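J.: Structure in structure tokens, see below.
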Amino acid sequence: MLAPPRPIVSRPEQRPKASPHAVLLVSFDFCSLSGMIKMSTYLRTFKVGDYVDIKANGAVQKGMPHKFYHGRTGRVYNVTKRAVGVRVNKVVGNRIIHKHINVRIEHVHQSKCRLGFLTRVKENELKKKEARATGVRAQIKRTPVQPKVAYTLKTKGTKPITMAAQPFVDLM
């Protein structure tokens, strides 16, 4: 006796590679980036230790990172002729794994994540230098924004107005 045929079961985990979600990740601003890639893309210099933002460019399929890494920031650990090796943190379960990926330079941009920190360091060094010259201790710690200073509102010559909601009027 032959067994009845097995029913066809759809497999949602086997999505096509060009799913709409994946296409949206790597699609780019058509008006400003359509056509040939600018030569300035290839003239950027990357050094080991630089912080870079991974942003996949849909115009170049070679060396494109996996969609997980799109929008992530990493650190360059290797530089080759047309690509860079980037170390990216990935949360897996309850731990952080340092992933090493190779990405072409079309999909990588210099990150501005340390810009604020580096400017603050320079300002602090100037404050310290000034403090050494004057002999007064420099305040280099950041302090949260303080609440506004209290003041008394003078109403001389004007009368305070009591505000209230207007009563509802049905026009029907």
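For the sequence shown, our numbering gives the first residue as 1191, with consecutive numbering after it.
Beta carbons: idealized from backbone N, C-alpha and C, even for Gly.
This structure is a prediction, so every number in the text was calculated from the model and none was measured.
1) GLN1356: beta carbon under 7 angstroms from a heavy atom of the ligand SAH?
2) Just checking my contact of ARG1234 with ILE1286 at CB under 8 angstroms: how many whole Å lie between their CB atoms?
3) If ILE1291 sits next to PRO1334, beta carbons under 8 angstroms apart, how far is it from one beta carbon to the other, in whole angstroms?
4) Select from TYR1259, GLU1320, HIS1288, VAL1359 the residue whose C-alpha is nearest the C-alpha of VAL1298.
5) If I'm right that ARG1240 touches VAL1266 with Cβ under 8 angstroms, what's the distance once you round it to whole angstroms?
6) Return the residue from the list THR1270, GLY1253, ARG1322, LYS1331 that minimises the CA-CA distance to ASP1311.
7) Quick check: ILE1244 and VAL1276, are their CB atoms within less than 8 angstroms of each other?
8) Using beta-carbon positions only, say whether VAL1269 and PHE1236 come within less than 8 angstroms of one another.
9) Give me the Cβ distance between ALA1328 and LYS1318, rounded to the nearest whole Å; I'm assuming they're in contact under 8 angstroms.
10) Would you call the CB atoms of GLY1225 and VAL1242 closer than 8 angstroms?
11) Expressed to the nearest angstrom, what Euclidean distance is found between the alpha-carbon atoms of GLY1253 and GLU1315?
12) Can you tell me which of the three DSSP states ASN1314 falls into?
13) Checking the sheet assignment: what are the DSSP bridge partners for ILE1351?
14) Could you give the residue range of the alpha helix (DSSP H) that holds TYR1232?
15) Just the Cα atoms here: how many angstroms apart are LYS1190 and GLN1336?
16) In the stretch 1279-1341, which residue ranges form an unbroken alpha helix (DSSP H) of at least 4 residues, counting only runs that do not cross its ends?
T.: On the basis of the data shown:
1) Looking at this structure, you won't find the ligand SAH or any other ligand, since it has none at all.
2) The residue you call residue 1234 lines up with position 44 of the sequence shown. The residue you call residue 1286 lines up with position 96 of the sequence shown. Incorrect: roughly 28 angstroms between the Cβ atoms, too far for contact.
3) Residue 1291 sits at position 101 when you count from the first residue of the sequence shown. Residue 1334 sits at position 144 when you count from the first residue of the sequence shown. About 38 angstroms separates the two Cβ atoms, so there is no contact after all.
4) Here residue 1298 refers to the residue found at position 108 of the sequence shown. Out of TYR1259, GLU1320, HIS1288, VAL1359, TYR1259 has the C-alpha closest to the C-alpha of VAL1298.
5) Against the sequence shown, residue 1240 aligns to sequence position 50. Against the sequence shown, residue 1266 aligns to sequence position 76. The question names Arg, but residue 1240 is Asp in the sequence shown. Rounded to the nearest angstrom, the Cβ distance from ASP1240 to VAL1266 is 5 angstroms, consistent with a contact under 8 angstroms.
6) By 1-based counting over the sequence shown, the position of residue 1311 is 121. The question names Asp, but residue 1311 in the sequence shown is Val. VAL1311 has its Cα closest to that of LYS1331, out of THR1270, GLY1253, ARG1322, LYS1331.
7) What you label residue 1244 is simply residue 54 of the sequence shown in a count that begins at 1. What you label residue 1276 is simply residue 86 of the sequence shown in a count that begins at 1. Yes. Within cutoff.
8) Working through the sequence shown from its first residue, we reach residue 1269 at position 79. Working through the sequence shown from its first residue, we reach residue 1236 at position 46. Yes, the Cβ-Cβ distance between VAL1269 and PHE1236 is below 8 angstroms.
9) What you label residue 1328 is simply residue 138 of the sequence shown in a count that begins at 1. What you label residue 1318 is simply residue 128 of the sequence shown in a count that begins at 1. Rounded, the Cβ-Cβ distance is 5 angstroms, consistent with contact.
10) As a working note, residue 1225 is residue 35 in the sequence shown. As a working note, residue 1242 is residue 52 in the sequence shown. No, Cβ-Cβ distance for GLY1225 and VAL1242 is not below 8 angstroms.
11) Translated into positions along the sequence shown, residue 1253 becomes position 63. Translated into positions along the sequence shown, residue 1315 becomes position 125. Separation of GLY1253 and GLU1315 (C-alpha to C-alpha, rounded to the nearest whole angstrom) is 41 angstroms.
12) Stepping through the sequence shown from its first residue, residue 1314 is reached at position 124. In the three-state reduction of the DSSP assignment, ASN1314 falls in the helix class, which pools H, G and I.
13) Here residue 1351 refers to the residue found at position 161 when the sequence shown is read from its first residue. Answer is none; ILE1351 lacks a bridge partner.
14) As a working note, residue 1232 is residue 42 in the sequence shown. From DSSP, the alpha helix (DSSP H) with TYR1232 extends over 1230-1233.
15) Outside the displayed span of the chain (1191 to 1362) sits residue 1190, for which this structure offers no information.
16) Assignment of alpha helix (DSSP H) within the stretch 1279-1341, counting only whole runs of 4 or more residues, yields 1305-1324 in chain order.
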